[in-house]
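Protein chains in written order, with the numbering used here: chain A, 1 to 255; chain B, 1001 to 1255; chain C, 2001 to 2255; chain D, 3001 to 3255; chain E, 4001 to 4255; chain F, 5001 to 5255. These notes are about the structure you will find just below.
Structure follows, in structure tokens:
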């Protein structure tokens, strides 16, 4: 068996050893199964949070848990909408319980430091709830849980460089330049730039309407055009995220 | 009994009449019970969403429901944190069910257009879930539900005018200039500018830590200083929100 | 900001002080949003429990929490039925969780004595459940929780005086003489005696039928006629309730 | 196999026949497992609701379902309290789901008329909730559900006869004259009058306190003395209940 | 009142004594309300687990709780299916909560040893969950909970004797020789061998299909023919189960 | 992007096409994160159900969904126990909701035939519940759901060949010859036969005890020795499972 930061590819005997040796620290990648346009696979959020988690784990010497895959409902203004075929969501309550259960298990295993690295915007509040419920049930243990979205660690200067024509905000980045570039760099087999639909950014109102009005989502399912994505941009993004998050976590956890 | 847009101050016979006459449209204000620094009462989010809802209802001719009051956990990076004394939160699951139940009731009453006007950032995802569950349970009815946060309707030019030294984003506005100005204009009795603690904006990391580390929240509980708040700014903010939202809703609902 | 027993109109800094100074005691008023005939607003149960709570709080020196507003399903034999338009109920499970969450928060704030003053009969069992679940989750804290319905403190002699033609029991008092008199005394703007429908008391069987048979509820929605209500009766009722409950609580809690 | 109104003692083939032949009507007895003093077994509420249900079923020609046994928390002012050893309660939420599930099953079996006969006061609101949830889930079926407590059918004249020294209300009847007399008549083997503790009625305040203060419940666990119970009174009570309920149901359901 | 191992036929004062004197041990029988062919009543699983529990309790000197009656959905390959009329199931979640609540109550009463004797195959996983949740909520108490299915204690030699033509496995035994024999021995009034439908064993695929395809269940509702059932076989089965389980429990619990 | 049966590696546009072209059939692999001894990784149940699902999908021309990964509590008698470090379980209720949500989503996407291929014994009842709840919520759609465990398709003759010294039943196969052989054939990198602990089969009682007594699980975490596992056996097992299940499904679904 190859040496690995991935918890689920370890045998349980090695895992027990790793917990002790590796700072009692584990990262849980959090993604979603969600359409990402005609040019990318539907596991983008799982794969990116997992890859970034692995990059960080190798830097800060910790373990990576099996990712959370099926997750919160994609919203029209941040992911095109949960009505789209391919997007496969679970209820908010289910996600809260799922996160709570998993965190409690890793605390039981002996971890003190648990880091959730989120790759799907809509998960955020449900992750917070799940974490809080897990805290309530584990009051006697020391545990310090971090929650972050990897794109928050892309610094302004990188944004300016990658979006020379101006940046319209992370919300419209769904299946746009950032995610596509990262996929091109990390999972080129799962991207096909020839299938890109180069449409103008989504023009959505300042509010949400339910039931979602499907015509308001761009035909591509992408909220902005991925046309300008590239491997090079993906590499830059990957590195600033991995570096930035690793640095922040090292400081926060004194590891 | 005075004429009123407030559902709960009507008698039920007048209410039945109003539903039919008033566009089958109801606004549900959504707030929170949350500390807002030493200079403001803890019902800021309830009161502001209620006042703005009333302003809109008078313009677009609809009814205002009893507000949702106790609500989602205040988070450290957007409200100081749910650990603070005074902040009184309910579980995410409870809020989801509560919203679902209430929306189902207003649909049963005969409303076609239901608008949630949110005044507490952390509620957003739970409101979305509650709305979706209510949709599932009322599949045979026509209903069109809108969800919005009033501050999203403050246009950039207003922001530039109100924050001449630069705007640090809505997240840090908790109990800052915007909310304090609105309270000064709408509920002057519930603000005491002499008690303002004029501290620098909160300096929080790019992630959340649980359990919350209390020292990271500014001593005031405000994420930015409300010192520059004024009645005049409150009036401007109130008017751009009421006008902007009314205009958007009129168009969206063709009323 | 004016001096106030109302928690939600305090700033959080004053609130922290009040908890310590004011017997670590808080009252949570519990109401409902429910039709109360053609002559009264739908917030009767919220307003009456709140006013009575304030009266008591001023006497026994304690704080009043934001009321619980949306609440248990009105039943045909005690409130006309939850099928009526205007009556806006939440599920029993939702109410249980809501009550549990709120009580836990006030315990976290430092209260030892928590008093629920109920103004809506159908809430009772769900409040009991919510209290019990909150107790389970706060085993390490001292807390003594009281639950009461204000009308239980109207003494027999008062009943005899106010109902010279005989009293038919609290169940039929929904929107009848008691509630209407209290509203006339406390919220005259929300009552219109000219709209009273003077019908004979509801003639309901000794059992409940589901789905509710709407014709069995009197057309007025009132289970007995409010015709004999008066400001004077309202004042008497308010005073015996506030005095009686205050006395009982002072003794029970030794405050 | 003997002829029987008891659903659970039928084979399923006979049961299918019975549903059709017997008015598509079923009674679900609802009890509790609860202490009933030193002189009676703990299944009083189950046994009495079951016996009365059987009596009615024989009169109105319908089926009796397996009773609901473990049930709502006994409250101090109506059953001595859920803290007592022997009293075995389930959570309110569990009871609601349990009732909902069972009612849905009997509707699936083909019943149109479902009657819950309750023998444990504290169950009432949870039964109402369970019924309502079952209605929601079976909207396409005709079903008419009745809920009653058997003691509500004891007429005033019977009360006057059985309680010559005055009647203190059903609440204090827990394990008192009514229940003990019925048990003496119906289940003499499960009563031992020699073990009766003849104490004055419980002297409880007009409110509930949580956690329950155990000393406030009479040592016997009975809220009033069963000393004056007798087989004769039991027979009278049984007959007025069975007759009264049968008559009411025949009329209500036109059977 | 006759001497009894049945908790629910004791008065609470005797029960308190019994807990202490009788090894702090209680058995909870677990059954189901489920069709068992045209020749047996629908309470087979309740009655058999109860009778066997009583037999064991007399041998090992402990108490028997009120059985769990309504239970998990009968599956086509082990009980004919939950679509059959007569079979009356509750949701898995409801059963989990129900079991959890009841176990917590018996722990509160003072029991250290709690034994669930299951007579309905499909309950198993839900009982495990309920037990685990009860453990979580009672972490400070010593409690040792056993879960078993009585048929697992029928030794191979008995099987060979009772099924001279070969044994097809417990799954197909639903309403077959084992259960029918036990009923003939223990509850002859609830069996009618003349109504036996002597059909070949069910021929079901190696998987489950949902919604259940009703034609795949044998017309009798029995998965194998009960024709060869007899009182004698019932006596043998009863004795090997009671003896085997008693012996195992005595050893396990050192009682 | 390479041609793929894996739903999550498709883009959503190709996915929509595939649903229509590929028999409206999807397989959901179901696994667990569970210790599998010192010689195998902890994702055995996920990987094996996924590989077998892919094999079948290629044969019957259908899609494979993202697997269910975190799953039901490992039990001592079938998986060593959920107390072991490495085994990472979720609550039964969480799993039920998770399965329900996911199935509802695939039905919404347009699938008529949904097949759950289970690789973790303890999941079974929770999968059944989740399926049933999904059926309740999708009553208007045609959908035919199959649930199977792959090992049920290993024919007796194969068992005899692979276990020449006798087969002790699937329960004891946890991390034994079957799973290890399959992993050797399908994921050799995740097995290390040098780390095998060759211990006698687990000697567990005929019942479960909670809390689990850790000493009763073999030190290896394997319920029987994997020593005799081999690539060849893995290939045989894989083929009989894929062939047998494919054949059965083709017939069942007429595809």
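Beta carbons: idealized from backbone N, C-alpha and C, even for Gly.
Taking 9 Å as the cut-off, the Cβ atoms of residue 1118 of chain B and residue 1127 of chain B count as close. With a 10 Å radius around the Cβ and a threshold of 16 neighbouring Cβ atoms, residue 3214 of chain D comes out exposed.
Where residue 4146 of chain E is concerned, the enclosing beta strand (DSSP E) starts and stops at 4144 to 4149.
By the C-beta density criterion, residue 142 of chain A is exposed, having fewer than 16 other C-beta atoms within 10 angstroms. Residue 3114 of chain D: member of the beta strand (DSSP E) spanning 3113 to 3118, first to last residue. Following the DSSP letters along the chain, one finds residue 4210 of chain E inside the beta strand (DSSP E) bounded by residues 4208 to 4210. Secondary structure of residue 1158 of chain B (DSSP, three-state): helix. Residues of the stretch 5085 to 5116 of chain F with a C-beta atom less than 8 Å from some C-beta of chain E are 5091, 5092, 5093, 5096, listed in chain order.
Using beta-carbon distances, residue 4224 of chain E does not count as an interface residue toward chain D, since no partner is under 9 Å.
With contacts defined as CB atoms closer than 9 Å, residue 3046 of chain D and residue 4106 of chain E fail to qualify as a contacting pair.
Rounded to the nearest whole angstrom, the C-alpha separation of residue 2160 of chain C and residue 2167 of chain C is 7 Å.
For the pair residue 3033 of chain D and residue 3138 of chain D, the Cα-to-Cα distance works out to about 30 Å. At a cut-off of 9 Å between C-beta atoms, residue 1208 of chain B counts as an interface residue with respect to chain A.
As a beta-bridge residue in DSSP terms, residue 5006 of chain F pairs with F:5064.
Boundaries of the beta strand (DSSP E) around residue 3030 of chain D: 3025 to 3030.
In this structure, DSSP gives residue 1094 of chain B a helical state, which the three-state scheme calls helix.
A direct Cα-to-Cα measurement between residue 2069 of chain C and residue 2098 of chain C gives close to 11 Å. Here residue 1086 of chain B really is in contact with residue 2012 of chain C; their C-beta atoms are around 3 Å apart, less than 8 Å. Chain order gives the chain B residues near residue 2013 of chain C as 1038, where near means a beta carbon separation below 7 Å. Per DSSP, the unbroken alpha helix (DSSP H) holding residue 180 of chain A starts and ends at 177 to 186. No Cβ-Cβ contact shorter than 9 Å links residue 5036 of chain F with residue 5169 of chain F. Only residues of its own chain outside the window of five on either side were considered, and among them 4007, 4008, 4026, 4027, 4028, 4029, 4102, 4106 have a CB closer than 8 Å to the CB of residue 4065 of chain E, listed in chain order.
Residue nearest to residue 3228 of chain D within the set D:3163, D:3116, D:3063 is D:3163 (criterion: CA-CA distance).
Within the stretch 5139 to 5155 of chain F, the residues whose Cβ lies closer than 9 Å to some Cβ of chain E are 5143, 5144, 5145, 5146, 5147, 5148, 5149, 5152, 5153, listed in chain order.
Under the three-state reduction of DSSP, residue 3011 of chain D is assigned to strand.
By the CB criterion at 9 Å, residue 190 of chain A and residue 40 of chain A fall inside the cutoff. With a cutoff of 9 Å on beta-carbon distance, residue 1233 of chain B and residue 1185 of chain B are scored as near each other. Sorting F:5219, F:5131, F:5188 by C-alpha distance to the C-alpha of residue 5202 of chain F places F:5219 at the top. Residue burial is scored here from C-beta neighbours: residue 5254 of chain F has fewer than 16 other C-beta atoms within 10 angstroms and is therefore classed as exposed. The criterion of a C-beta distance shorter than 9 Å is satisfied by residue 3154 of chain D and residue 3240 of chain D. For residue 4126 of chain E, the enclosing alpha helix (DSSP H) begins and ends at 4124 to 4136. Between residue 4083 of chain E and residue 4236 of chain E a beta carbon distance of about 34 Å is seen, past the 8 Å cut, so the two are scored as non-contacting.
Spatial neighbours of residue 5075 of chain F in its own chain (CB-CB distance under 6 Å, excluding positions within 5 residues in sequence) are listed in chain order as 5122. In the DSSP assignment, the residues bridged to residue 71 of chain A are A:89. Non-local C-beta neighbours of residue 4223 of chain E in its own chain, meaning closer than 6 Å and more than five positions away in sequence, comprise 4172, 4174, 4202, ordered along the chain. Taking a beta-carbon distance threshold of 9 Å, residue 4026 of chain E does not count as an interface residue toward chain F.
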